[in-house]
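One structure is given here, and the rest of the page talks about it.
In structure tokens, the structure reads:
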């Protein structure tokens, strides 16, 4: 296994990230890899926000994974700062390789480094394999996640 | 019913907000209303982050509700910006009064105004009344929420 690097995403990574987002049972119907303009606009919004950390996992110059970490201060739980993980994707060729674990471990380390006391994420109810994965990593499925499209 | 105002929280609101956070079956064990220092520090972190919107609901100069809205840009779903609701609390005297609905409607309107296309939240699995409340407001319980204390 060649060396894996987890680093901040750059605009040059956008096509590879969007390909990962689209190569997914849920993502296939809601991404547009042939029209990258909305992703470039969103990347600028991410880059302008110091609490957003979009990273890519790279091996042999190939983007094989991605994850977004958001740091959220708050008053509850005695002023706990929490982090939220969104958009975890692993290239189809790399699933089962331990890369997902490496990415989540990166997110945990980075959250500690940024003085977060809690890390959280939601996963679609249909992603039962992902749920077992997060439980193996020590997460507790304590909450119900609600969404409303605007 | 006297006029209700929903407005950004100020440092002077911190004692009332912490009292709301603590007057809750889950919050009782994890808040410290007798030691406000960590809340003041957390308030400064919130104030420094333009994507954080901590509000209070006030009637007759009394804080009777609170909510935190966070705006999160992202690449997934064609560059969707989403908002996350955290820390919804209603004063015990005001539960069932429609105030919760007013607060969530404020969050929905504010999210639209800030160009969010998706609004999401998690609720502890034990809060079954809250789950029915969010479903009545149009939210879908599509996700499982995971947490890991650091």
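Chains as they are written, first to last, in this note's numbering: chain A, 399 to 548; chain B, 399 to 548.
For each residue, glycine too, the CB sits at the ideal point set by N, CA and C.
Check whether the Cβ of residue 406/A lies closer than 9 angstroms to any Cβ atom in chain B.
no
So who's on the other strand from residue 544/B, going by DSSP bridges?
519/A
State yes or no: is the C-beta of residue 511/A within less than 9 angstroms of the C-beta of residue 544/B?
no
For residue 447/A, go through chain B and note every residue whose CB falls closer than 7 angstroms to its CB, in chain order.
449, 471
Could you give the uninterrupted runs of the beta strand (DSSP E) lying entirely in the region 456-487 of chain A, keeping only those of 3 residues or more?
460-470
Please confirm whether residue 475/B has its beta-carbon closer than 9 angstroms to some beta-carbon of chain A.
yes
How many Å lie between residue 531/B and residue 490/B at the Cα?
Their backbone Cα atoms lie some 16 angstroms apart in a straight line.
I want to see whether chain B comes within less than 9 angstroms of residue 432/A, judged by CB atoms only; does it?
no
Does the distance from the C-beta atom of residue 470/A to that of residue 480/A stay below 9 angstroms?
yes
Please list the partners that residue 484/A has in chain B, where partner means a Cβ-to-Cβ separation under 9 angstroms.
470, 472, 474, 480, listed in chain order.
Please classify residue 405/B as buried or exposed, where buried requires at least 16 neighbouring CB atoms within 10 angstroms.
exposed
Considering just the uninterrupted stretch of the alpha helix (DSSP H) at residue 501/A, what are its terminal residues?
Residue 501/A -> alpha helix (DSSP H) spans 497-511.
For a cutoff of 9 angstroms on Cβ pairs, would you count residue 521/A as touching chain B?
yes
Name the chain A residues that come within less than 7 angstroms of residue 414/B, Cβ to Cβ?
The contacting residues do not exist; residue 414/B stays about 11 angstroms from chain A at best.
What are the residues of the region 500-519 of chain A that lie near chain B, defined by any Cβ-Cβ distance shorter than 8 angstroms?
506, 509, 510, 514, 515, 516, 517, 518, 519
Establish whether the CB of residue 443/B and some CB of chain A are separated by less than 9 angstroms.
yes
Please name the residue in 416/B, 410/B, 429/B, 449/B whose C-alpha comes closest to that of residue 482/B.
449/B
Is residue 419/A close to chain B? Criterion is C-beta to C-beta, closer than 9 angstroms.
yes
Compare the beta carbon distance of residue 462/B and residue 548/A with 9 angstroms and say whether it is the shorter of the two.
Cβ atoms of residue 462/B and residue 548/A: not closer than 9 angstroms.
Taking 7 angstroms as the limit between beta carbons, can you name the residues of its chain near residue 415/A, skipping five residues before and five after?
407, 454, 461, 464
Just to confirm, is the Cβ distance from residue 451/B to residue 503/B under 9 angstroms?
no
Quick check on residue 428/B: does DSSP put it in helix, strand or coil?
Coil at residue 428/B, not helix or strand.
Residue range of the beta strand (DSSP E) that residue 405/A falls in?
Residue range 402-406 is occupied by the beta strand (DSSP E) that includes residue 405/A.
Flag residue 423/A as yes if its beta-carbon sits less than 9 angstroms from any beta-carbon of chain B, otherwise no.
Chain B contact via Cβ: absent.
Taking DSSP as the reference, what is the three-state secondary structure of residue 529/B?
helix
Using CA atoms only, rank isn't needed, just tell me which of 493/A, 475/A, 466/A is closest to residue 486/A.
466/A
Roughly how far, in whole angstroms, is the beta-carbon of residue 431/A from the beta-carbon of residue 417/A, given that I think they are within contact range, below 8 angstroms?
6 angstroms
Please list the partners that residue 429/A has in chain B, where partner means a Cβ-to-Cβ separation under 8 angstroms.
474, 475, 476
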